[in-house]
Amino acid sequence: MKRALLDTDILSEITKAKSLEIVGRARAYLAFHGRFTFSAVSVMEVVAGYSKQRAEQKTRRFLEMVDRSEVLSLDATSAELAGRILADLQTAGTPIGVPDTMIAATAIRHGIPLVTGNTSDYLRVQAAGYSLVMENWREPT
1335 MKRALLDTDI
1345 LSEITKAKSL
1355 EIVGRARAYL
1365 AFHGRFTFSA
1375 VSVMEVVAGY
1385 SKQRAEQKTR
1395 RFLEMVDRSE
1405 VLSLDATSAE
1415 LAGRILADLQ
1425 TAGTPIGVPD
1435 TMIAATAIRH
1445 GIPLVTGNTS
1455 DYLRVQAAGY
1465 SLVMENWREP
1475 T
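Structure below.
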C-alpha cells in the first residue's frame, strides 16, 4: 500500500465513521503506515468547519488525530505550483477552490497520490496537464 495524501473530504468521512468503505480503507492504511498523511490546508478546513459549528469536542478529537499524523506544509515550491494550477484553471474557465489547488500541489510536489472523493474538481487539474494521481476511497475495491 502506497503512502498517500488524504483530502479534506476523506478526513471528514473518517472522523464521522459513516462510510464502511472509507473506514475500512482508512483502517487498512493506518495498519500499514501507522499514521495518516494530509495537508496543513486540510487541518485549516476541518478546524474552520468545526469552529463554525462551535463543536469544540470534535475539534479537540480532530487535533488529537493531527498530533498522531504526518501533516505536510505548503512550502514555497508547493505554493508556486498551486498558483500555476489556479491560474491555468481560471484561464481555462474551469476553476476549483484555492484550498483544493494547494492540496493538489502538495500531492504532486511530494509525488504521492491524493485520496479523495472529490474527483470531479481534481480531474480538472489532470486535464490542465498536471501529474496528479488520485485514489477514490468511496469506490468499492
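Counting with this note's numbering, you get residues 1335 to 1475 for the letters of the sequence shown.
Cβ coordinates follow ideal geometry from the N, Cα and C atoms, glycine included.
Treat the numbers as computed from the prediction; the structure is a model and nothing was measured.
Closest Cα partner of residue i within the set the options
i	options	result
residue 1373	1467, 1473, 1436	1436
residue 1418	1370, 1443, 1346	1443
residue 1457	1355, 1438, 1407, 1361	1438
residue 1426	1395, 1462, 1393, 1402	1462
residue 1413	1474, 1434, 1399, 1401	1434
residue 1410	1440, 1362, 1371	1440
residue 1369	1452, 1400, 1420, 1422	1400
residue 1383	1451, 1366, 1468, 1345	1345
residue 1381	1361, 1360, 1349	1349
residue 1371	1445, 1453, 1460, 1454	1445
residue 1455	1394, 1464, 1428	1428
Three-state secondary structure (DSSP) of residue i
i	result
residue 1467	coil
residue 1324	Residue 1324 is absent from the model: the chain starts at 1335 and stops at 1475.
Burial state of residue i, where buried means 16 or more other Cβ atoms lie within 10 Å
i	result
residue 1376	buried
residue 1341	buried
residue 1335	exposed
residue 1475	exposed
residue 1431	exposed
residue 1385	exposed
residue 1358	exposed
Limits of the alpha helix (DSSP H) - the one that residue i falls within
i	result
residue 1349	1342 to 1350
residue 1366	1354 to 1367
Where the beta strand (DSSP E) through residue i begins and ends
i	result
residue 1371	1371 to 1373
Checklist entry - Where are the alpha helix (DSSP H) runs, 4 residues long or more, that stay fully inside the stretch 1380 to 1453, in chain order? => result Taking only runs of at least 4 residues, the alpha helix (DSSP H) segments lying wholly in the stretch 1380 to 1453 are 1390 to 1401, 1410 to 1425, 1432 to 1444.
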